Amino acid sequence: MIRTVPTAPYKDQKPGTSGLRKKVPVFAQENYAENFIQSIFDSLEGFQGKMLVIGGDGRYYNREVIQKALKMAAAAGFGKVMVGQGGILSTPAASNIIRKYKAFGGIVLSASHNPGGPNEDFGIKYNIGNGGPAPEKITEAIFERSKIIGEYRIVDAPDVDLDMLGSFELAGMTVEVIDPVADYAELMESLFDFGAIRSLISGGFRVVMDSMGAVTGPYAKEIIETRLGAPAGSVRNATPLPDFGGHHPDPNLVHAKELYDDVMSTDGPDFGAASDGDGDRNMVVGKDMFVTPSDSLAIIAANARCAPGYAKGIAGIARSMPTSAAADRVAEKLGIGIYETPTGWKYFGNLMDAGKVTVCGEESFGTGSDHVREKDGLWAILFWLNIIAARKESVAEIVRSHWAEYGRNYYSRHDYEEVDTDAANGLMEGLRAKLSILPGQSFGDLKVAAADDFSYTDPIDGSVSTKQGIRILFEGGSRVVFRLSGTGTSGATLRVYVERYEPDASRHGIETQAALADLIAAADEIAEIKTRTGRSAPTVIT
Ligand code: G6P
Ligand code: ZN
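Numbering (UniProt numbering), first residue to last: 1 to 542.
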């Protein structure tokens, strides 16, 4: 029944920050997906007879690739595959299934927050047995294999009915089609005080969630509407669509603007939240208060004991380097460890596995904990609801009292998208060349205290990651960080992260861009952004 198919390698199957991401027409080329899946299997050892988890965010091409992956897993010798009904598994739910059922690993089909559709993005990512993204050692092996692959193996069998729950046999391998939501909802219920959140909602607190036509729809409906009692319709855009209804499923002030405007309107809901294509990002807004992802991490960490799953306290916090230092002040007060890692969720895995950190966060709308090994959008949203229910305060009250206690880290990210690649590289090289002469220089009232190119030594396995972003630190705790995006698909994206620490509570009500104006001007002067990119303003400000 196993057919060996000769194939020719593609040269561009190098997995990025989160797996292999390409446009659908690229994936639809002859044997393109098959080559990559076989390269994954060829790079792994010891999975004979073991279990694999497969699921995706429901985007265009999801079902086709799942059928291929199932038949190739059978040919490779896996004993069983657990696959989400309809081919659906959010990224955090897939991570949970891998861990809970002790799978060998999992294949997650997603291009995260990138648009979906016949001419949009698709992606394949491999996760290891701890439920987290494969480390570089494995992704590099996959890439090396993909460059020389000469054949792949697949069983000849009819397609598996992905819509019917139950166990089926596929050429000697068991395929179990599972409810994608049940295990995840149970996990959330074990971590958070659903009773308190239910009372909050039945008391009139109005919650809305925008699933952006993507994977969290069924999860949010089950948890927020069915289990927590929010009225039907509280979860918007709740049906996962192959093209996300034409939306860009990225929860931020640009793409989730409708939700934001609704929450800010006079009669709007008390709490708004959104998640991305595959369910791992989150955005939280309350009346008159947008919570920056950096503040969200700090506030969740400071209030973690409100949630039953974290009642014993947290072991430590990790944040990516460009994420604001708000969490550092919480860690200091709690007397726990704080870790600063390069951008990318995968850097948190070792710290969580070693028990050094419990909660992690990134400025790029990612927050999560060691309950799984991916960031988790709904988890963050439920954590906020739990904190609100426990403290009986609004989002704005919680955020303002946090600032009053710890000081406020004003924070903004300016993105320059689709910049000419040479110009962007030139800008970064220009900065590197200046690092040694910047300390001591002044830009208006700002004096540079230190400047470096961030490098990270993993405290667990000793691996070193260099060139992870240029940091310019000013006296008093303000800073600007420059980095090129690792996830863009065309040209280069320059990200400029701007942060000012303000301890004085009487100065916590300033509009963010105004509070950061001198740092923004200094960033331009130091990096020569306008002259080098030819851009007079950022494309996106968050
Ligand atoms: C993905 C990863 C995140 C990371 C982000 C960075 O979303 O899952 O862990 O923070 O990419 O993206 P960038 O475009 O800044 O490299
Ligand atoms: Zn995502």
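In this text, a Cβ means the ideal position worked out from N, Cα and C, and glycines have one as well. As the structure is a computational prediction, the values presented were derived from the model and not from experiment.
- Excluding the 5 residues flanking it on each side, residue 417 has same chain C-beta neighbours closer than 6 Å at 493 and 539, in chain order.
- Secondary structure note for residue 273: its beta strand (DSSP E) is the uninterrupted segment 271 to 275.
- In this structure, the straight-line span from the alpha carbon of residue 237 to that of residue 378 is close to 15 Å.
- A straight-line Cα-Cα distance of about 24 Å links residue 138 and residue 321.
- Residue 208 sits in a strand when the DSSP states are folded into three classes.
- When DSSP states are grouped into helix, strand and coil, residue 150 belongs to the coil group.
- By the neighbour-count definition (other C-beta atoms within 10 Å, threshold 16), residue 349 is a buried residue.
- When C-alpha distances from residue 468 are compared across 457, 462 and 461, the shortest belongs to 457.
- In this structure, the alpha-carbon of residue 14 lies about 36 Å from that of residue 285.
- Leaving aside the five residues that flank residue 412 on each side, the residues in its chain whose CB is nearer than 6 Å to its CB run, in chain order, 498, 512 and 516.
- When DSSP states are grouped into helix, strand and coil, residue 83 belongs to the strand group.
- Note on residue 221: 16 or more other CB atoms within 10 angstroms of its CB, so buried under the neighbour-count rule.
- Taking C-beta atoms under 8 Å as the contact rule, residue 69 and residue 54 qualify, at a distance of about 5 Å.
- Secondary structure within the region 186 to 266: the beta strand (DSSP E) runs of 3 or more consecutive residues, fully enclosed, are 207 to 210 (chain order).
- In this structure the region 230 to 250 touches the region 111 to 125; the number of beta carbon pairs closer than 8 Å is three or more.
- Following the DSSP letters along the chain, one finds residue 109 in no alpha helix (DSSP H) but inside the beta strand (DSSP E) bounded by residues 105 to 109.
- Of the candidates 248, 250, 234 and 282, the residue whose Cα lies closest to the Cα of residue 262 is 234.
- Excluding five sequence positions before and after residue 353, the CB atoms of its chain that fall closer than 7 Å to its own CB belong to 130, given in chain order.
- Judged by the Cβ position, residue 17 qualifies as a neighbour of ligand 1 at the 7 Å threshold, a heavy atom of the ligand being closer than this.
- For a cut-off of 8 Å, the C-beta gap from residue 326 to residue 370 is around 20 Å, too long to register as a contact.
- For residue 36, the enclosing alpha helix (DSSP H) covers residues 32 to 42.
- Contact holds between the region 78 to 94 and the region 158 to 178, because three or more Cβ pairs, one in each stretch, are under 8 Å apart.
- Relative to the non-hydrogen atoms of ligand 1, the Cβ of residue 495 comes within a distance shorter than 7 Å of at least one.
- At least one heavy atom of ligand 2 sits closer than 7 Å to the Cβ of residue 277.
- In the three-state reduction of the DSSP assignment, residue 1 falls in the coil class.
- Placement of the Cβ of residue 262 at a distance of 7 Å or more from every heavy atom of ligand 2 is found.
- Contact between residue 276 and residue 251 holds: their C-beta atoms lie close to 5 Å from each other, under 8 Å.
- Within the model, the alpha-carbon separation for residue 518 versus residue 444 is close to 8 Å.
- Annotation: residue 45 to residue 141 spans about 12 Å, alpha carbon to alpha carbon.
- With contacts defined as CB atoms closer than 8 Å, residue 316 and residue 331 qualify as a contacting pair.
- Not one heavy atom of ligand 1 lies closer than 7 Å to the C-beta of residue 139.
- Secondary structure within the region 380 to 440: the alpha helix (DSSP H) runs of 4 or more consecutive residues, fully enclosed, are 395 to 406 and 421 to 434 (chain order).
- According to the DSSP secondary-structure assignment, residue 358 is paired through a beta bridge with no residue.
- Not a single heavy atom of ligand 1 lies less than 7 Å from the C-beta of residue 379.
- Per the C-alpha coordinates, the member of 400, 164 and 523 positioned closest to residue 505 is 400.
- Looking only at 358, 338, 328 and 367, the smallest Cα-Cα distance to residue 344 is reached by 367.
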